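Asks:
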Amino acid sequence: MIPTNTCSPVIFLQCEREKKPENEKEEYTLDGTLDKHGQPAVRARTGRWFAGVRLLVNQGLATLAFFGVGVNLVLFLTRVMGQDNAEAANNVSKWTGTVYIFSLLGAFLSDSYWGRYKTCAIFQAIFVAGLVSLSLTSYIFLVKPKGCGDEESPCGSHSSVSLTLFYVSIYLIALGNGGYQPTIATFGADQFDEDHPQESRSKVAFFSYFYLALNLGSLFSNTILGYFEDKGMWTLGFWASAGSAILALVLFLVGTPSYRHFKPTGNPLSRFCQVVVAATRKWKVEQPSRGDELYEGDGQDLPVNGSRKILHTQGFKFLDKAAIITSKDGGVVINNPWGLCAVSQVEEVKCILRLLPIWLCTILYSVVFTQMASLFVEQGAAMKTTISGFHIPPASMSSFDILSVAAFIFIYRRVLDPLVARLKKNSSPRGFTELQRMGVGLIIAIMAMVAAGIVEHFRLKSEDKECLHCANSSSLSIFWQVPQYVLIGASEVFMYVGQLEFFNGQAPDGLKSFGSALCMTSISLGNYVSSLLVSVVMKISTTDNMPGWIPGNLNKGHLDRFYFLLAALTSADFLVYLICAKWYKYIKFEERSIEKQNGDLRV
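3 is the number of the first residue of the sequence shown in my numbering; add one for each residue after it.
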């Protein structure tokens with residue numbers, strides 16, 4: 003926990019000026035960040051890429067650990083736990099969805115009470131505990147008889163105790179990783195002062211490199227660990243994941259002296275409710291004709307020192323009533339936040355309400371994205387997976403997604419974005435806005451589903467007629483899946499990196515982790531919607547003569563129709579997104595509430 007400083011950063015700086023000689027000047031950050039002692043952060047000794055790179059490596063190691071479990075979980079459920087394809091795909095979607103639901107819990111604790119550093123440390127410890135528990139459970143109870151769990155030797159039945167330990171373990175992993183993910187993204191961004199010209203550019207770049215670290219971390223899981231787990235060496239893979247998570251936690255704790263911190267702001271739900279209650283109590287009050295007639299506050303209404311006031315915007319006029327000063331507003335009422343709220347607090351509520359339609363439009367994209375961890379793997383397992391006698395694990399094909407992400411991050415930053423900026427001929431150094439990037443991501447996702455459907459159509463035509471019940475009963479090579487993985491990777495660079503930048507940049511200062519959590523919960527709900535969609539499709543498509551679109555033996559189904567259905571749904575979602583993006587109004591901030599002199603703070 004960051005110690006609470008009894009004096010404000012401004013008073014501290016004034017006191018320090020009297021103590022230090024003129025030739026011993028140090029530059030402090032402009033955004034109100036603090037060091038580990040709760041004092042204003044010195045720019046040269048804290049944050050920047052020294053801390054940022056450490057957090058990127060931490061993210062890479064933690065992601066390696068997480069995907070060491072997640073990338074082959076669908077195969078673990080079918081081969082070790084004895085579930086069929088549809089049940090396993092649904093359980094993976096539910097588990098992955100739960101991971102990202104927990105991101106809301108992590109974001110709430112981070113923004114409100116614990117702060118980002120403490121939240122990251124606690125949830126990483128939970129993550130480690132879950133991985134160690136899973137490794138022990140698999141070794142002692144699940145992978146029995148020894149050597150089972152590969153493609154040809156499924157494991158036997160399991161007791162209720164072993165099943166309970168398994169599900170407790172994987173949901174501890176879900177809790178730990180889910181609570182950690184949005185917080186570490188925001189904590190990394192905190193290491194760069196967005197009020198400093200050079201560091202503000204680094205902050206934008208950090209989100210791209212953060213997503214790159216996430217993907218590079220999963221590369222080892224999808225290749226080396228995926229290969230060993232596909233061969234039935236599940237316990238070895240899980241222990242390797244646990245070791246990576248432990249190393250990530252140690253690395254994070256070692257960097258403690260170099261981090262910059264923002265103070266937690268208190269419960270944001272109460273601030274939200276205060277605006278709604280105050281506006282409701284004044285629902286009969288006449289709306290002022292100008293926004294400057296509303297109560298602006300005295301600076302004490304901001305959640306923490308260093309927060310910025312948000313300028314008044316049009317829209318949601320009913321909420322503006324919370325900032326109207328009436329004849330009843332004497333000194334007592336002005337001090338009652340349930341009766342009168344400052345414009346900045348009202349705008350916080352408006353900001354969240356404006357973000358929600360954009361966020362809802364990203365959920366269907368996450369339905370497309372989640373197929374990579376479930377149906378893409380099952381589709382690959384039903385194709386020809388041997389090249390010159392070498393077996394290619396179906397889950398390892400997601401390596402092409404990772405390589406695509408790495409390539410397109412650099413293509414976007416070095417080629418596409420500068421090119422678009424020049425074509426637009428505006429003063430901004432950036433080409434695409436975040437909303438435009440997300441729209442492009444949706445278009446590429448549609449192309450990915452069409453490509454997957456076409457591959458499945460030809461896979462069915464290439465089935466082995468003499469071996470209808472074989473697991474790999476198609477002569478079509480698994481490498482025909484490469485285009486769909488590459489397209490998914492390209493779409494992630496536009497959609498998910500754009501989401502991280504957009505939600506973090508548009509969230510109020512006291513809700514930055516919540517902004518990152520919106521991106522994670524989009525993935526969460528996408529997994530739940532995917533699970534529901536699979537169940538509905540199977541129920542509708544299953545008849546006496548037809549086992550459904552996604553049966554245990556894919557040669558008897560029509561997985562291609564499911565992919566084309568997703569392409570059609572995503573196309574409709576894109577049209578709705580265009581309307582929401584055109585309606586959206588960007589948040590506008592005033593200067594921060596800390597002292598600034600000539601663009602620098604020095605003592």
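Glycine included, C-beta positions come from ideal geometry on N, C-alpha and C. From a predicted model like this one, the values you see are computed outputs, not experimental measurements.
Quick check on leucine 478: does DSSP put it in helix, strand or coil?
Replies: Three-state DSSP puts leucine 478 in coil, outside helix and strand.
Asks: Quick check: the Cα distance between valine 12 and lysine 38, rounded to an integer number of angstroms?
Replies: Here valine 12 scores only 41 on pLDDT, less than 50, and its place in the model should not be relied on; the value that follows carries that caveat. Roughly 18 Å between the two C-alpha positions.
Asks: Work out the CA separation of phenylalanine 212 and aspartate 322 for me, nearest whole Å.
Replies: Distance between the alpha carbons of aspartate 322 and phenylalanine 212 is about 38 Å.
Asks: Assuming isoleucine 312 is part of the alpha helix (DSSP H), what are its boundary residues?
Replies: Here isoleucine 312 belongs to no alpha helix (DSSP H); instead the beta strand (DSSP E) covers 310-312.
Asks: Cα separation between arginine 604 and proline 42?
Replies: Low confidence applies here, because arginine 604 scores a pLDDT of 37, under 50, leaving its location unreliable; read the following figure in that light. Whole-angstrom Cα-Cα distance: 11 Å.
Asks: Excluding the 5 residues flanking proline 156 on each side, which residues of the same chain have their C-beta closer than 7 Å to its C-beta?
Replies: Taken in chain order, the residues that qualify are Arg81, Gly84 and Cys150.
Asks: In its own chain, which residues sit with a C-beta less than 7 Å from the C-beta of leucine 106, not counting the 5 before and 5 after it?
Replies: So the qualifying residues of the chain are Ala519 and Thr523.
Asks: Would you identify the three-state DSSP class for tyrosine 530, choosing helix, strand or coil?
Replies: Three-state result, tyrosine 530: helix.
Asks: Output the distance between the C-alpha atoms of leucine 133 and asparagine 87, rounded to the nearest integer angstrom.
Replies: Near 24 Å, if we compare the C-alpha coordinates of asparagine 87 and leucine 133.
Asks: Evaluate leucine 271 with the Cβ neighbour count: other Cβ atoms within 10 Å of its Cβ, from every protein chain shown; 16 or more gives buried, anything less gives exposed.
Replies: Flag for leucine 271 reads exposed.
Asks: Is it right to say glutamate 26 is buried, meaning 16 or more other beta carbons lie within 10 angstroms of its own, or is it exposed?
Replies: Annotation note: pLDDT 42 at glutamate 26 (below 50); position unreliable, coordinate value reported separately. The residue in question, glutamate 26, is exposed, as its Cβ has fewer than 16 Cβ neighbours within 10 Å.
Asks: Going by C-alpha distance, which of Asp575, Gln438, His263 and Leu75 is nearest tryptophan 236?
Replies: Nearest C-alpha to tryptophan 236: Leu75.
Asks: To the nearest angstrom, report how far apart glycine 219 and phenylalanine 52 are at their CA atoms.
Replies: Answer to the nearest angstrom: the Cα atoms are 19 Å apart.
Asks: Measure the Cβ-Cβ separation of valine 369 and leucine 535 and say whether it is below 9 Å.
Replies: The answer is yes: Cβ separation under 9 Å.
Asks: Select from Asp195, Ile448 and Ser526 the residue whose C-alpha is nearest the C-alpha of valine 44.
Replies: That would be Asp195, whose Cα lies nearest to the Cα of valine 44.
Asks: Note the first and the last residue of the continuous alpha helix (DSSP H) segment covering arginine 416.
Replies: Where arginine 416 is concerned, there is no enclosing alpha helix (DSSP H), given that its DSSP letter is neither H nor E.
Asks: Return the CA-CA distance between phenylalanine 125 and tyrosine 119, expressed in angstroms with no decimal places.
Replies: Their Cα atoms are separated by approximately 10 Å.
Asks: Could you pull the DSSP bridge partners for phenylalanine 69 from this structure?
Replies: Answer is none; phenylalanine 69 lacks a bridge partner.
Asks: Please report the Cβ distance between proline 184 and serine 515, rounded to the nearest whole angstrom; I am assuming they are in contact, meaning their Cβ atoms lie under 8 Å.
Replies: About 5 Å; that satisfies the 8 Å criterion.
Asks: Since serine 476 contacts alanine 384 with CB under 8 Å, what's their CB separation in whole angstroms?
Replies: That belief holds up - the Cβ atoms of serine 476 and alanine 384 are roughly 6 Å apart, short of 8 Å.
Asks: Near glutamate 494, which residues of its chain fall below 6 Å by C-beta distance, leaving aside the five closest residues on each side in sequence?
Replies: Cβ neighbours of glutamate 494 beyond the five flanking positions: Val407.
Asks: Which complete alpha helix (DSSP H) runs does the region 364-447 hold, if anything under 4 residues is left out?
Replies: Runs found: 365-372, 377-383, 401-413 and 419-426.
Asks: Starting from the N-terminal side, write out each stretch of the alpha helix (DSSP H) that is 4 residues or longer and does not extend beyond the region 165-243.
Replies: Runs found: 199-222 and 228-232.
Asks: Helix, strand or coil for threonine 80 per DSSP?
Replies: It is helical.
Asks: Excluding the 5 residues flanking valine 334 on each side, which residues of the same chain have their C-beta closer than 6 Å to its C-beta?
Replies: Residue confidence is low: valine 334 scores 44 on pLDDT, short of 50, so the model does not pin down where it sits. Its coordinate-derived value is still stated next. Excluding residues within five positions, none has a Cβ falling inside 6 Å.
Asks: At least one CB of chain B closer than 9 Å to the CB of leucine 444: is that the case?
Replies: No chain B appears in the structure shown, which is made up of a single protein chain.
Asks: Among the candidates Gly158, Phe434 and Thr139, whose CA atom is the shortest distance from the CA of phenylalanine 496?
Replies: For phenylalanine 496, the nearest C-alpha among the options comes from Phe434.
Asks: Would you identify the three-state DSSP class for threonine 328, choosing helix, strand or coil?
Replies: Coil, per DSSP.
Asks: Taking the straight line between their C-alpha atoms, what separation do you get for histidine 560 and phenylalanine 392?
Replies: Spanning the two alpha carbons is a distance of roughly 29 Å.
Asks: On a CA-only basis, which of Lys558, Tyr367, Leu527 and Gly554 is nearest leucine 489? Give me that one, please.
Replies: The shortest C-alpha separation from leucine 489 is found at Tyr367.
Asks: So threonine 48 packs on arginine 203, CB below 8 Å; how close in whole Å?
Replies: Actually they do not touch by this definition, with Cβ atoms about 18 Å apart.
Asks: Using only the alpha-carbon positions, how far apart do alanine 375 and valine 73 sit?
Replies: If I take the Cα positions, the gap works out to 6 Å.
Asks: Does DSSP put histidine 560 in a helix, a strand or coil?
Replies: In the structure shown, histidine 560 sits in coil (DSSP, three-state: anything other than H, G, I, E or B).
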